[in-house]
Amino acid sequence: MDEQSFEQRSFVWAIGSFFWELLKAFLLAMVIIVPIRYFIGQPFFVRGASMEPNFQNGEYLVIDQLSYRLSDPKREDVVVFRYPLDESQFFIKRIVGLPGDEVRVENGQIIIVNATYPNGVVLNESQYLPAELKTGGQLSVRLGADQYFVLGDNRPASSDSRSWGPANRSEIVGRVWMRAWPFDRLQIFHSLQPSFVAAS
Numbered sequence: 001m002d003e004q005s006f007e008q009r010s011f012v013w014a015i016g017s018f019f020w021e022l023l024k025a026f027l028l029a030m031v032i033i034v035p036i037r038y039f040i041g042q043p044f045f046v047r048g049a050s051m052e053p054n055f056q057n058g059e060y061l062v063i064d065q066l067s068y069r070l071s072d073p074k075r076e077d078v079v080v081f082r083y084p085l086d087e088s089q090f091f092i093k094r095i096v097g098l099p100g101d102e103v104r105v106e107n108g109q110i111i112i113v114n115a116t117y118p119n120g121v122v123l124n125e126s127q128y129l130p131a132e133l134k135t136g137g138q139l140s141v142r143l144g145a146d147q148y149f150v151l152g153d154n155r156p157a158s159s160d161s162r163s164w165g166p167a168n169r170s171e172i173v174g175r176v177w178m179r180a181w182p183f184d185r186l187q188i189f190h191s192l193q194p195s196f197v198a199a200s
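Counting from 1, one number per residue, gives the positions in the sequence shown under full-length UniProt numbering.
Here's what the structure looks like:
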């Protein structure tokens with residue numbers, strides 16, 4: 001074998017080796033990233049003003065899909081779900097009513113009636129809503145075994161369970177786990193401990 005043939009073979013071997021390493025890296029990335037993307041967490045961009053001021057238009061969120069495979073959604077969790085009237089769309093809202101609750105919207109407040117609170121209690125939303133913000137509407141809804149009553153934090157500008165009814169458990173994709181963008185609003189979110197006050 002002459003020197004030129006040897007160099008050509010070495011070059012071909014180097015190119016083949018490079019592409020083989022590239023393919024292995026790609027396959028390894030797919031093995032790691034795809035399950036995370038589809039079963040553990042996925043990105044979501046906020047569209048619109050329905051969750052202001054807590055979540056603003058254009059923010060990039062990471063949705064935790066794993067927790068709800070192990071436990072049920074909790075009151076006051078912020079969740080992403082398929083819009084019940086058009087499942088090709090995804091909405092972001094806050095859970096205020098759980099399965100079995102009777103949820104009443106009265107005088108700007110959310111009243112919860114259930115086995116624990118048969119006389120009804122007012123949901124204290126001061127952890128995430130300004131004190132002056134009131135919930136518009138007058139309604140009473142009894143939730144079924146797999147239904148959740150969801151509201152936008154920006155109550156005057158939100159299309160939510162007050163207008164199109166509860167979200168079903170099967171429609172909920174996951175809870176908001178992290179705000180990843182913009183960097184100056186980077187935040188990890190945890191489930192809140194709901195509090196109530198006596199209904200007047």
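For each residue, glycine too, the CB sits at the ideal point set by N, CA and C. It should be emphasised that the depicted structure is a prediction, and the values quoted were computed from it without experimental measurement.
Check your understanding: Hey, V173 and I15 are a contact pair by Cβ (cut 8 Å); roughly how many whole angstroms apart?
Key -> Incorrect: roughly 43 Å between the Cβ atoms, too far for contact.
**Study point:** Distance between beta carbons of A157 and A49, contact taken as under 8 Å
**Key:** 5 Å
Point to revise | Selection from R142, P118, V176 that minimises the alpha carbon distance to K81 | key: Reading the sequence as shown, one finds Phe at residue 81 and not Lys. It is V176.
Review point. Helix, strand or coil: which one does DSSP assign to P156?
Key: In the structure shown, the three-state DSSP call for P156 is helix.
Review point. Name the DSSP beta bridge partners of P43, please?
Key: V62
Review point. Quick one, are the C-beta atoms of E52 and P182 less than 8 Å apart?
Key: no
Practice item. Alpha carbon to alpha carbon, how far is L85 from N54? Give it in angstroms, no decimals. Key: 25 Å
Exercise for review: Could you tell me whether any non-hydrogen atom of the ligand HEM is closer than 7 Å to the CB of G100?
Suggested key: Only the bare structure without any ligand can be found here, which leaves the ligand HEM out of the picture.
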